[in-house]
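The block underneath contains the structure these notes are about, expressed in structure tokens.
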Amino acid sequence: MTAKTNRSYVLQTVISKNGSWNNDFDGMPKQYNNQFFASDRALKYAVRHLMEQMGLDVFIKDWIVANKDKGKKKESKNQTTFYTMPNTELKAYIKEKTGKEFSETFWTFADIRQFGFLYDNLSLHGVAQISQGLDLYRKGTLYEDDLTGRMVFGSKDKSDKETRGMASRTFLSEAHYCYETSINPANVKFLEDIEGFEHCVYTEEDFALLLECLHYGPSNIKSTQKLNCYTGFMVQIDLIDGEKTHLGNLQGKLTIEDGKENRMTVYNLQPLFDYLKRKEEAAGHPIYQDIVVSYEASEIVIKGIHQSMEEVKIKKL
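Counting from 1, position 247 in the sequence shown corresponds to residue 247 in full-length UniProt numbering; the numbering is continuous, with no gaps.
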């Protein structure tokens, strides 16, 4: 496997049509001052969910299983809490399961290699850092779906009891959540200099896995509210190895034009590519190894790409 040493950036949109990509605790698509947004954790969940289905070890899933194995602790008749083990017990659980110390096994978890982890007093700053997702479309409409249903609850005192219930689900007609991901292998490079952790190297294969899961993770989650959620657009920007230039606020440099063309949403990339070009001119030398633009050609029209930038590759999905 080849170590990845250069920094990369990914700008992507997760499109939600007649669904809800990320709800608040009231069951509503998240918004603040009329700005719909989605948590970074919504995208991380999609990535981890796909990793698990690919047969990879996912730390947070093992943590859930470990705590379930401890069982439930009932505090009262109407309230149940789940036991949460401290890091010492978690380490012991993993050692019992794998026969190895935590320090020998933690790098085998695919999600730790990408996002790091924070648990009790254990922490590692991840290679991949994901922003909040901001809706760039800003013309979506909220609507509710009222429903009734029969629910069956078990009872210690009686046999199964049937009851009818009423509920409501809230959907958003359309949103284009824009996420920015920074990938910096230097975040974990210090591990290579610590005895026993020399094997903790972020590789090109790890990066390829991240790209795959960022791309396909959102569409892999199938539920009533997430059925029509998918990655519609992605720009992968790879800097040349050793390049010190930093890119920032890429979210603010992608815009969606008013109106549609043949029922397709129009993405204007000119502010983004103007910015990338200015950064290279300021550096005074080539700074980009690759720039790859991928988009759903049946859903999106893209405009504003600088054809003069030889590094740009365009993929229609």
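Each residue gets a CB set at the ideal place from its N, CA and C atoms; glycine is no exception.
- Message: List, from N- to C-terminal side, the beta strand (DSSP E) runs of 3 residues or more that fit wholly inside the region 220-271.
- Response: 229-239, 255-261, 264-268
- Query: Under a Cβ-count criterion, where at least 16 other Cβ atoms within 10 Å of its own Cβ denotes burial, should K100 be classed as buried or exposed?
  - Reply: exposed
- Taking the beta strand (DSSP E) that K189 falls in, what are its first and last residues? Taken as a continuous stretch (DSSP letters only), K189 belongs to no beta strand (DSSP E), as it is neither H nor E.
- Item | the region 179-198 in contact with the region 125-134 per 3-pair CB rule at 8 Å | Inter-segment contact for the region 179-198 and the region 125-134 is present: three or more beta-carbon pairs are separated by less than 8 Å.
- Item | Reduced DSSP category for D111 - H, G, I as helix; E, B as strand; rest coil | helix
- How long is the line joining the alpha carbons of Y256 and E204, rounded to whole angstroms? Sequence inspection shows Ile at residue 256; the Tyr mentioned does not correspond to that position. Each residue's alpha carbon lies about 32 Å from the other.
- Query: Alpha carbon to alpha carbon, what distance is there between M85 and residue 319?
  - Reply: The structure shown does not extend to residue 319, since the chain is modelled only from 1 through 317, so no value can be given for it.
- Item | Cross-strand partners of G133 (DSSP beta bridge) | A38
- Message: For M1, tell me which candidate among L272, L209, E261 has the shortest Cα-Cα distance.
- Response: L209
- Nearest to V127 (by Cα), restricted to the options L118, K30, Q114: Q114
- Is the Cβ-Cβ distance between D145 and R169 less than 8 Å? yes
- Task: Report all residues from its chain with a CB closer than 6 Å to the CB of N187; omit the five preceding and five following residues, and keep chain order.
- Result: If we look at N187 and ignore the five residues flanking it on each side, its Cβ neighbours are H125, V127.
- Query: What did DSSP end up calling V292 once you bin it into helix, strand or coil?
  - Reply: strand
- Distance CB(F109)-CB(D57) smaller than 8 Å: The answer is yes: Cβ separation under 8 Å.
- Query: Near K30, what residues of its chain come up, given a Cβ to Cβ distance below 8 Å and the 5 sequence neighbours on each side ignored?
  - Reply: N22, N23, D24, F36, F37, A38, S39
- Query: For Y93, which three-state DSSP category applies?
  - Reply: The answer is helix: DSSP assigns Y93 an H, G or I state.
- Item | F273 to L147 span [Cα, whole Å] | Straight-line Cα distance between these residues: approximately 47 Å.
- Alpha carbon to alpha carbon, what distance is there between F171 and D26? Between D26 and F171, the C-alpha separation is close to 13 Å.
- Query: Quick one: what's got a C-beta closer than 6 Å to G232's C-beta in the same chain, skipping five residues either side?
  - Reply: T13, I15, E296, E299, I300
- What's the C-alpha gap between T5 and G242? 8 Å
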